[in-house]
Each structure stands twice: as structure tokens, then as C-alpha cells.
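Peer 1: Attaching a single structure in C-alpha cells format; questions to follow.
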Amino acid sequence: INELKKQIESVIVGEELYINPTLTLQELAEKTNLHSKKLSFVINQGFGMNFNDFVNYYRTQAVIAKLKSGEHNLFTLLGIAYE
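Just add 6 to the spot in the sequence shown (first one is 1) and you have this note's numbering.
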């Protein structure tokens with residue numbers, strides 16, 4: 007599971023797939039070259055969350071990073087959230 011977790015994280019972070027507001031399990035499965043059932047299993051067991059929580063985790067981390075970098079001084083919080 008650890009190798010698959012690394013593969014999934016690499017794709018979702020490297021390609022910033024979490025930015026896509028309509029990202030689906032199937033789309034992530036295609037990008038990671040995993041069957042959607044296997045991907046779902048790894049996310050559930052390896053990360054301890056469901057697909058939606060998994061994607062939202064990365065979205066939240068991206069917003070936190072933008073706030074820490076001072077981007078909230080350039081954009082409104084709403085602007086960062088929509089981005």
C-alpha cells in the first residue's frame with residue numbers, strides 16, 4: 007500500500023489534480039493507472055479517508071500554503087478559495 011500511496015500522492019500533487027473542482031475517482035484512477043476499486047481501497051485503507059475527504063485535504067493544504075505565503079494580501083479569501 008505504501009508504494010501505491012506514494013504513486014497517488016505524486017500524481018495528485020505533481021499535476022495539481024485537486025484544483026479541478028469536478029475531479030472524479032475515475033479520472034484519478036486513469037491518471038494513476040490504477041483500477042478505480044483499487045484506488046478507492048488504497049485511499050480508504052492507506053490514507054484513512056474517502057475519496058472526497060482525500061481531495062479536499064489537498065485543497066485545504068493548498069489554501070493554507072497560500073495564506074502562509076501572504077497571497078491573502080494580494081487576493082481576497084474568496085478569491086483564493088475559488089482558485
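C-beta atoms are modelled at their ideal positions from N, C-alpha and C, and glycine is treated no differently.
Since we're looking at a predicted model, the values are computed, not measured.
1) Given that a residue counts as buried once 16 or more other Cβ atoms are within 10 Å of its Cβ, and exposed if not, what is T30?
2) Sort L45, F47 and Y64 by Cα distance to P27 and report the nearest one.
3) Looking at K11: is its Cβ nearer than 7 angstroms to the Cβ of G54?
4) Do V61 and K37 come within 7 angstroms of each other at the CB atom, strictly closer than that value?
5) With distances taken from CA atoms, which of N58, G76, N8 and S75 is nearest I25?
Peer 2: Checking against the coordinates, here is how it stands:
1) T30 is exposed by the Cβ-count criterion.
2) Nearest of L45, F47 and Y64 to P27, Cα basis: Y64.
3) Not closer than 7 angstroms, so no.
4) No. Outside cutoff.
5) Closest option to I25, Cα to Cα, is N58.
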